[in-house]
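A short write-up of the structure that comes next.
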Amino acid sequence: MLTIGSIEAMQRLGRHLADAALPGDTIALSGDLGTGKSTLARAILNALGFAGEVPSPTFALILPYDPPEVRLPVIHADFYRLDGATELDELGLDAGDPALLIAEWPERVGGLAGPDTLQLRITGSDASDRRIEAQPGANWQARWQQIAGDWS
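Numbering-wise (the working numbering), the sequence shown opens with residue 5 and increments by one.
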């Protein structure tokens, strides 16, 4: 479990995750409203090179980002308004070239898992006292251990 004590620390975690991310990976962000899911997603996108304002995909559901504006293709998704895996399938996220999927509210579609998925549960709504619990898929194990080791 990581302790995040500031917005700057959340941005630093975003940089670590961006450095470790590969096309085809999923970073699934869970937590209550106001815990920092969007803050972390923005930090990852900024660390991947996106220089503009990162809007929330709450109403659009998915927002794609492609090189050269980012280092690798990214889909930022917010599943809060979805109700189950059937609606997720209708989005067609598996079509096209592999991209990094940053998914907020994965529990709304039954969760996301697999060897290329890093599940992060964020707790605490105070920016000075957030905690992140990770469940890395097999292909994220070593990368997450490196990130967590650097964090200590």
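From the three backbone atoms N, C-alpha and C, an ideal C-beta is built for every residue, glycine too. This structure is a prediction, so every number in the text was calculated from the model and none was measured.
- Rounded to whole angstroms, L95 and D82 show a C-alpha spacing of 12 Å.
- For S42, the uninterrupted alpha helix (DSSP H) run begins and ends at 41-51, by DSSP.
- Note that the segment 124-138 does not touch the segment 45-54; fewer than 3 beta-carbon pairs, one per stretch, sit closer than 8 Å.
- In this structure, T39 and I126 form a Cβ contact; the two beta carbons are roughly 4 Å apart against a cut-off of 8 Å.
- In the three-state DSSP reduction, L86 falls in the coil class, being neither helix nor strand.
- Contact between the segment 13-32 and the segment 101-118 is established, with three or more Cβ pairs separated by less than 8 Å.
- In its chain, beyond the 5 residues on either side, A25, L26, P27, L52, A103, L104 have a beta carbon closer than 8 Å to the beta carbon of L76.
- Straight-line spacing of the CA atoms in D120 and A22 works out to 14 Å.
- Apart from the 5 residues on each side of it in sequence, Y69 sits with its Cβ closer than 8 Å to the Cβ of L49, L52, F54, P77, V78, I79, H80 in its chain, given in chain order.
- Between S132 and S10, the C-beta spacing is below 8 Å.
- The closest CA to that of I8, considering only R134, W148, I151, A142, is found on R134.
- The beta carbon of Y84 sits closer than 8 Å to the beta carbons of T62, E108, W109, R112 from its chain, once the five residues preceding and following it are set aside; these are given in chain order.
- In terms of CA proximity to D101, P71 leads the group L116, G128, P71, W148.
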